[in-house]
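Protein chains in written order, with our numbering: chain D, 129 to 1565; chain U, 70 to 156.
Where a beta carbon is used, it is the ideal one built from N, C-alpha and C, also for glycine.
As the structure is a prediction and not an experimental result, all values here were calculated from the model.
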Amino acid sequence: MQPSASNDIAIIGMACVFPGARNLDEFWENLRAGRDAIVDAPPERIEPQFFEHAAGELDRLYCRRGGFIGETLEFDPLRWGLMPIAARGSEPDQLLSLETAAAALTDAGYDGRDPPRERTGVILGRGGYVNQVAMSLIQAVRTAEEIVRSARALLPDLTDAQAAEIKRRYQGQIEGLGPDTIIGLVPNLAASRIANRLDLHGPAYVVDAACASSLLAVDQACAELASGRCDLVLAGGVHLVQDAAFWAVFTQLGALSRSQRIRPFHRESDGLLIGEGAGMMALKRLSDAERDDDRVYAVIRGTGVSSDGRASSVMNPSADSQVLSLERAWQRAGLDPRERGSVGLVEAHGTATPNGDAAELATLARVFGPPDGSPTAGLGSVKSMIGHAMPAAGMAGMIKAALAVHYGILPPTLHCEDPHPDVERTRFRLVHEAAEWESDGPRRAGVNAFGFGGINAHVVLEQHHTTRLPWAGARRQVPEGAWLRLAASTPEALAEALASAAPASGSGPCRLALLDPTPERIEHARSIVAAGKTFRDRSGALMFAPRGLAADGGRLALVFPGVESTFDPQVDDVARWFGLPPLPPAIEGDLERRGARVVLAGRLLHHVLAALGVRPWVVAGHSIGEWTALLAAEAITPRSLDGVLAALSPGTLAVPEVAYAAVGCGTERLEPFLAETGDIHVALDNCPHQTVLCGPAPRLGPVLERLRGTGVFCQVLSFESGFHSPAFEAYVEPIRRLVESLEIERPTAPVWSATTCAPYPDDPAGVRELFLEHLVQPVRFRRLTEALYADGVRLFVQVGAGSVAAFVEDTLRGRPHLSMAASSHRHEGIDQLRRLVATLWVEGVEVDADALLGPAGAAAKKSMPVSIRLGAPLLSIGEGMAPELPARAPSAPIEAGLDLSDPIARELVATSRALEESHLAVLAAWRDRRKAAPDSGAPARQTARATGPRETAWEEEFSLERYPFLIDHSFFSLPAGWPDPGDGFPLVPFTMTLSRMMAAAERAAPGKLAIGLERVVAYRWIPVDEPRTLPVTARFEGESRVVVRVGEHAEGTVVLADAWPEPPPPDREPLDDARPIEQTSAEMYATRLMFHGPRYQSVAELGVIGSDGIRGKIVEMPAEGALLDGAGQLLGYWIKAQSDRDRVAVPVMLERASFFGPPPETGRTFECTVRVRRFGARQVRADLELVDGGRVWARFTGWEDRRRPNEPWMWPVIQWPEKNTLARPIEGAPGCARLERAFADAITRDYFARRYLTAREWEAYRDLPERRKEDWLAGRVAAKDAVRLLLWERGMGPLWPIEVEIPTGADGAPEVRAPGELDLRVSISHKQGRAVAMVAEGVDPGVDLETIEARPPELERAAFTEREREWLSSRPEAERDGWRARLWAAKEAAAKRRRTGMKDPRRMEIESMDEECIDVAGTLVATRIEDGCAIAWTMED
Amino acid sequence: MSETLDVIRGVIEDVVGPEWSVDRPITMETSFGSDLELESIEFVALAEKLQARYEKVDFVRWLSEKELEEIIELKVGDVVTYIDTCR
């Protein structure tokens, strides 16, 4: 058989999103590391009740784990010309497919060049399942109707208006469905939208072949390419349908794992777990790809497809038919699968179902033959890490196989400790750990995907052989983190460009580069440009040059570091980004291996800089960096240097008893000492502040001691080598032979020697001689730096990690130059590289900055991603509805209106009774607890007398006077100079309570140290708005435990000891998905994300945040509990980052705390790690650790925060009360504001009462009966907001709610006290926690709110005149309730305006009425129906 | 104390240039390593300048008692305090 090369298809671009991997890089990273992305199903995706008591019912699921790509999908609609609302109403899987398709094109290098649009196709594997928006449509159309029907069946008295309201509320929760978005529900749109948005004109369609869909798409794509119909095809698969209904399918099939694990090819595998995601490949004919210089991940040699025919049932796949698909693919490839070494890896379908695995192993044994004594091939399934992604599964497997072929690494498969016995019958073995892929011929892989119903597909992949630099043509998306770059001819012109809203990139020698161009940073840049002087931020994040060094003719040197750094160069991400093979894994150890790695890293970075267009004037190196320099300039060939490096096996360079030391001064200062001793030599003359000496260890010590005596800083180094010293001469001979074999070429740039401080000689013999000299001569780097400077070099780039740039800096300090590293331990590899490129660009160096930084100018626009919720939550009609329904009317018995012969009704009544009883029981218990509390707290002093020294008690005062710093722990912000600081609700932080408890225990047990806490519960806050004196008791439980109680507020156990315990090792584990926090702690406080005032602003630095916690630095402040409060604030920050609801959280409990040292002094800073253990709807549990200098000082486990309920709409008022309102203006009703929603519960209500009410108003509120509080507060909030809205309209600045007081006047009507001279009057109306208020100037306004409901006839007779009743009955039935409410509201409003009260409503007769206006006895009133209420307000005369 | 801090600020500027980062002043809390991103060479240069300024202060002794990592994590405040205790 001849290879049919003409049919070969190249994979030139790939992209994917799978569980645990947001992109291709992360996916590969996870594959190599064997990361398990399986989790419990997030409650947002599958509600927990579906997992309860699963016993085979259709709607219960026994398996609760799977692979999920997240709770939301970040999508930038504007990038695609979509409105955000349209994006929200689109099927998320379509948006994901679109993004993934675009990313695959970018990965293939089509961001800078146009794809062949006319002949580009899109083929997408996608299942015909009910996706989430389709689900919403079903809910809106069918379920809503079903709910109404059910409600009518249960409640025969339900009025039409109520039924309509139920439906309206139910449907109101479903967002985004409408004419603009509904088209997206047509299933083929998943592919068509890609063609549409990317403007592609080849065929675009969806294929559905169940789990084989992706490979069918690839098979189709290969055919389209082979036939010549297409020149480029995007082929892939997507699956994003994880909800209870979809899981029910596989639950019923029994395909899901009962052990909650997916273990492909395990002896006891018991089923699959479901995953999700999307993958996409850009495919091209191989010949075209080679012509176009594309990067080729792998070549598709053949594809094969077969169906089982009658042979299979859904759960019993047919090995015969699978064999057919494999054989067809290998035949098409022109290869014999049974040949030795034919295949190195099979990425199996591997669903971990017992039947599936057995059939697949039988297939592999038949196609590839039994074990034949040749090395085994790898076998695996990515499903062990991400679950079974259904139609996308084939893509996950194929991308994995293609990357494995490309990088030559066999990625592991998880959870198969005990493989299926049939594995032994094949030529394959499971890959348990990532391993190098050893292969004599080209690396080859097979990929299986077998679909339910008996559809089988196989793909044969092969390594692509090329001699080209592998990244040619391949570019990745610009990394995250926006840069702003501007160029102009003069600083003035640049300042002008910067001042414009959308600065243009411009051109010229005056340049600015700015990382993360926030308005604040741009403002700062502006002042730097205005100063007109060169500015270089040390971290390379903001650079400005009126005229760059290179623009002025300065030359650039690449300087390669040697083995002087303990830091491993960070180049892995750089390699990935440029599509280069990664360095071999870092190896701790001998100098020789580290040296080889430094050379490799230098070469890699040099390749990258060359690819970015950086052309050095000269190259040089430090120590063995000089070898890298020779390589970089192609003065010697890599192959021949490899010989030298290989010869440097461990120990080659070790010269016994030679010690090295770095001393902090220049050689001139050392000369007298060295002249005296004779056998101590300068090995490296680095710079004026560093020289490295070497010599026999016993002789070096005294020299260092004398040097220290003269004030020179000395440090002995851990090298064991005789490099660069005469001591190495004896070792040169064996190397000489190797050096003779070096292949010397003419360099592409001059290589300067640090031995001669001049360019290397031209003749090969001279090069070899100098190469050897270099080993025994000192490195004269300082002189080399000076020599290069004299030659015109002004820009020094350190190509690797290390201190070479610092040496240059030290030598040239004060002279114009740039010295910067391409790799730094301070930043990720690609990040540092970007900083370097930005700096070089600013200095006028020719470099392809666009590639790494994005285009210059404003084009670096901020993307505006929206979060698209994944999963369709269960809907209900909401809490607020219930009171309006007759069944819940408080006076009516539960069974009222129910037909008790109906079993469902009986069940309902029984359930309600049981619920009611349990509520009553809870209430009773709670009341008892409150009664009991004072008994155990207040009489503490008496018990002290009664029980002797085992219990002591005293009183402590908590007040602002005693603890003035507590003003900085006020919950609410106040206007500047506000007379009563108590209005800000200052309270004792939980952490201060802890500290008081520990102090109390130490007081009770003098001489002992409080080293821990156990089970501390904060029952309630200790507010200090007024001074409070609380009893404190300390009761011993044994010798070392004291139970401390602070009034009724808090209780806990303090653990005592004589000495501090030994600390445990600190938690150094990285956080999951850790990313740096962009915000600074100062910004956090300035934006009031935290309420804390200066003395409690103890978060010094926000570090990184991950999915499971946060890290930062916290500092002790001069306020009790501030340090630990900072740890709590970090947790608070994490919570706020999770959700826009229920963001305020307060600590309420602590399981255990341990301290390993005395309390720190003010100013001491700790690294703090917060690990969130549980993130619940109400409770958040975390462990906190404080570390200083590598030592754990304190550790808290089971720290519990309670999240205070608040909804997103409340947040602006919580944060900036002086600029936001809870109530909203009513359109067309001047002066009116309406609080549309009731507070969710009493805690929220009290919280906002504190925010809105002055101390005086709070007293009035506090004394109200509980059931009246809600309405009263709603009215006050609406009134204050109406006043504030009106004053803002008149131009008044920020105004806090407490600056407006709404006292009750003598006649019981509300009045207004507000800043300013205006004569403001107010009217309020409230119903069921909602309210409207109206404010007017100089006249009395009247406003009223009425719910729309059927009224008894008596009421109608009492309220309306005969004429009014006649008019009402002439209205159509459906409108009657609404009009009745409007008329009534109008009368109320008119009466309020007259301040008479409604004595006899019939006297307030209605003269005329229409939609616009109702004339109530001469008072004109406007009315409107909104949200099931009638609102009426008096109109201007 | 603030006088010492001012001197140190000046010396830092000599060594690392006037602008080490955007809009962050050098305070007692500024760390030589994580904030100023000082290389060890620069620290030696800094120590030398301080030594010249404060003859009685034995920086070398003080520093040689510390590990390199400790030195890098030193804060400006640590140096201020040390200088002030020597005088």
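Interface criterion not met: the Cβ of Cys544 (chain D) is under 9 Å from no Cβ in chain U. Where Ile1371 (chain D) is concerned, the enclosing alpha helix (DSSP H) starts and stops at Ala1370 to Tyr1380. One finds Ile110 in chain U with Cβ atoms closer than 7 Å to the Cβ of Cys815 (chain D), taken in chain order.
Chain D has no Cβ within less than 9 Å of the Cβ of Glu82 (chain U). Interface with chain U (9 Å Cβ-Cβ cutoff): Cys638 (chain D) is excluded. Residue pairing from DSSP places Lys1455 (chain D) in a beta bridge opposite D:Arg1458. Annotation: Cβ neighbours of Ser133 (chain U) in chain D (cutoff 9 Å, chain order): Arg836, Phe841, Cys842 and Gln843.
Secondary structure of Asp347 (chain D) (DSSP, three-state): helix. At least one CB of chain D lies nearer than 9 Å to the CB of Glu106 (chain U). Listed in chain order, the non-local C-beta contacts of Leu74 (chain U) below 6 Å within the same chain comprise Val149, local neighbours out to five positions each way being set aside.
The continuous beta strand (DSSP E) containing Leu845 (chain D) extends over residues Cys842 to Leu845. Within the stretch 926 to 948 of chain D, Ser931, Ala934, Phe935 and Asp938 place their CB atoms closer than 7 Å to a CB of chain U, listed in sequence order. Residue environment for Pro944 (chain D): exposed (fewer than 16 other C-beta atoms within 10 angstroms of its C-beta). Against chain U, the beta carbon of Arg954 (chain D) has neighbours under 9 Å at Ser103 and Glu106, listed in chain order.
Here Ala417 (chain D) is buried, its C-beta having at least 16 other C-beta atoms within 10 Å. Shown here, Cys358 (chain D) sits in coil according to DSSP, grouped into three states, outside any helix or strand. A Cβ-Cβ contact shorter than 9 Å links Gly1466 (chain D) with Arg1449 (chain D). In the three-state reduction of the DSSP assignment, Met1212 (chain D) falls in the helix class. In the displayed model, Gln299 (chain D) falls within a helix according to three-state DSSP. Annotation for Arg389 (chain D): no beta strand (DSSP E) segment contains it, and DSSP assigns it neither H nor E. The beta carbon of Val1152 (chain D) is closer than 6 Å to those of Phe1086, Ser1087, Leu1088, Leu1094 and Pro1114 in its chain, skipping five residues each way along the sequence. Nearest Cα to Glu246 (chain D) within the set D:Cys191, D:Arg216 and D:Asp327: D:Asp327. In the same chain as Phe841 (chain D), and ignoring 5 residues on each side of it, the C-beta atoms closer than 6 Å to its own belong to Gly792, in chain order. Here the alpha carbons of Glu873 (chain D) and Ile752 (chain D) stand approximately 19 Å from one another.
Around the beta carbon of Val84 (chain U), a 10 Å sphere encloses 16 or more other beta carbons of the protein chains shown; the residue is thus reported as buried. Residues Val1232 of the same chain have their beta carbon placed closer than 6 Å to that of Pro1204 (chain D), with the five preceding and five following residues left out of the count.
Counting of Cβ neighbours within 10 angstroms places Pro689 (chain D) among the buried residues, the total reaching 16 or more. At least one CB atom of chain U sits nearer than 9 Å to the CB of Cys793 (chain D). Per DSSP, the continuous alpha helix (DSSP H) segment holding Gln120 (chain U) begins and ends at Ser109 to Arg122.
When rounded, the separation of the alpha-carbon atoms in Arg908 (chain D) and Arg160 (chain D) is 43 Å. Where Leu1258 (chain D) is concerned, the enclosing alpha helix (DSSP H) starts and stops at Ala1250 to Gln1266.
DSSP places Lys412 (chain D) inside the beta strand (DSSP E), whose first and last residues are Gly405 to Arg413. Among the residues of chain D, those whose CB is under 8 Å from the CB of Gly146 (chain U) are Gly1291, following chain order.
Scanning the stretch 256 to 326 of chain D from its first residue to its last, the whole alpha helix (DSSP H) runs of 4-plus residues come out as 260 to 266, 272 to 282, 288 to 300 and 317 to 326. Inter-segment contact for the stretch 1148 to 1165 of chain D and the stretch 1296 to 1311 of chain D is absent: fewer than three beta-carbon pairs are separated by less than 8 Å. The closest CA to that of Arg296 (chain D), considering only D:Pro284, D:Gly306, D:Leu282 and D:Val276, is found on D:Val276.
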